[in-house]
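Everything below concerns the one structure shown next.
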Amino acid sequence: PYTAMQMAMQVADAVKDKGIVGVHVKVRAPGGNKQRSPGPGAQAAIRALARAGLRIGRIEDATPIPHDGTKPAGGKRGRRVQSLKFELLQLEEDRIQYLLSGATAAFSNGIRRACMSEVPVLAIDESGLYDNTSVLFDEQIGLRLGEVPLQAEDLSIFSQPEECQCGGTGCPGCRVEFMLSSEGPGTVYSRDIQFTDPGVKPAFDKIPIVILGEGEKLVIEGYATKHVGKEHSKWQAGT
Numbered sequence: 020p021y022t023a024m025q026m027a028m029q030v031a032d033a034v035k036d037k038g039i040v041g042v043h044v045k046v047r048a049p050g051g052n053k054q055r056s057p058g059p060g061a062q063a064a065i066r067a068l069a070r071a072g073l074r075i076g077r078i079e080d081a082t083p084i085p086h087d088g089t090k091p092a093g094g095k096r097g098r099r100v101q102s103l104k105f106e107l108l109q110l111e112e113d114r115i116q117y118l119l120s121g122a123t124a125a126f127s128n129g130i131r132r133a134c135m136s137e138v139p140v141l142a143i144d145e146s147g148l149y150d151n152t153s154v155l156f157d158e159q160i161g162l163r164l165g166e167v168p169l170q171a172e173d174l175s176i177f178s179q180p181e182e183c184q185c186g187g188t189g190c191p192g193c194r195v196e197f198m199l200s201s202e203g204p205g206t207v208y209s210r211d212i213q214f215t216d217p218g219v220k221p222a223f224d225k226i227p228i229v230i231l232g233e234g235e236k237l238v239i240e241g242y243a244t245k246h247v248g249k250e251h252s253k254w255q256a257g258t
């Protein structure tokens, strides 16, 4: 850009000596099978002409456009398309294992991320702590409850709040309530969360929530809702 600017200033001095006060500018890139956009020196040269006192009337792109000719040497020869093959290796209640061939790692990762963010699941949405004398703050207890994975015998009976007939105000069709009440000494586990719907329960029973000492107590009420992982990580269907 500096060289182009210096050359433009010399041109401006030369044309002003001849009494020319305005110019039309034509910008030309290599064109053809080569680069079709001018380099950074083009803008610098135009600015230098304007700063020199010349009036810029019209700026035209004079880059040649090829209408026929040989292809440029090298370049991509096209992607080799392979047939996509899917083989199911293992299907259990809490895991799936498959073999995917003929696909890139990015495509496979896209399937994994779609499963995590688009598959709806239940998770504890809101909780109210009526009594908490443990060593953990209320916010930490609420965070741990939200990360407890839940499973339902029939998830289809629940609707997402925004799609429910109640309009998201809360009803048995879009939320399931729970109760947790425990006294120390001892450890509070995920199995201690009791839902009003017997078909809903934690996916794993022995997830520790908090350790209660002698005389400490924890009483929580709340509800779980059905959402997808892109709303919050606690609704991710897997890892």
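Going by my numbering, the first residue of the sequence shown is number 20, and it counts up by one from there.
Idealized CB from N, CA, C, for every residue including glycine.
In this text the structure is predicted, and so the values were computed from the model without any measurement.
With DSSP as the reference, please indicate the residues paired to residue i in a beta bridge.
i	result
phenylalanine 214	Phe197
isoleucine 16	This structure cannot settle anything about residue 16, because the visible part of the chain is limited to 20 through 258.
glycine 38	DSSP lists no partner for glycine 38.
valine 229	Val207
histidine 251	None; histidine 251 has no bridge partner.
valine 46	Asp80
alanine 142	Thr244
glutamine 170	Lys220
Would you report the Cα separation of residue i and residue j, rounded to the nearest angstrom?
i	j	result
leucine 118	phenylalanine 156	44 Å
arginine 77	valine 44	6 Å
glutamate 172	proline 217	9 Å
serine 201	tyrosine 208	10 Å
proline 57	alanine 243	59 Å
lysine 104	glycine 121	6 Å
valine 34	glutamine 54	30 Å
lysine 253	aspartate 144	9 Å
proline 227	leucine 237	14 Å
glycine 203	leucine 231	5 Å
serine 146	phenylalanine 126	38 Å
glutamate 235	threonine 206	11 Å
glycine 38	arginine 74	13 Å
valine 257	alanine 222	This sequence places glycine at residue 257; valine is not what is there. Roughly 12 Å separates the two Cα atoms.
Report buried or exposed for residue i, applying the criterion of at least 16 other Cβ atoms within 10 angstroms of its Cβ.
i	result
glutamate 181	exposed
asparagine 128	exposed
valine 40	exposed
isoleucine 160	buried
cysteine 185	exposed
isoleucine 84	exposed
cysteine 193	buried
cysteine 183	buried
glycine 275	Only positions 20 to 258 of the chain appear in this structure, which leaves residue 275 out of reach.
lysine 4	For residue 4 there is no data in the structure shown, the boundaries of the chain being 20 and 258.
How far does the alpha helix (DSSP H) with residue i in it extend, from its first residue to its last?
i	result
isoleucine 130	124 to 137
glycine 76	Glycine 76 -> not in any alpha helix (DSSP H); beta strand (DSSP E) instead, spanning 74 to 80.
leucine 68	60 to 70
glutamate 166	Glutamate 166 -> no alpha helix (DSSP H), and no H or E assigned at all.
Would you mind reading off the limits of the beta strand (DSSP E) that contains residue i?
i	result
serine 120	115 to 120
proline 191	Proline 191 -> no beta strand (DSSP E), and no H or E assigned at all.
glutamine 54	From DSSP, glutamine 54 is part of no beta strand (DSSP E); its letter is neither H nor E.
glutamine 109	104 to 110
proline 221	219 to 221
(message) Within 8 Å, do at least three Cβ pairs link the segment 109 to 116 to the segment 57 to 71?
(response) These segments do not touch.
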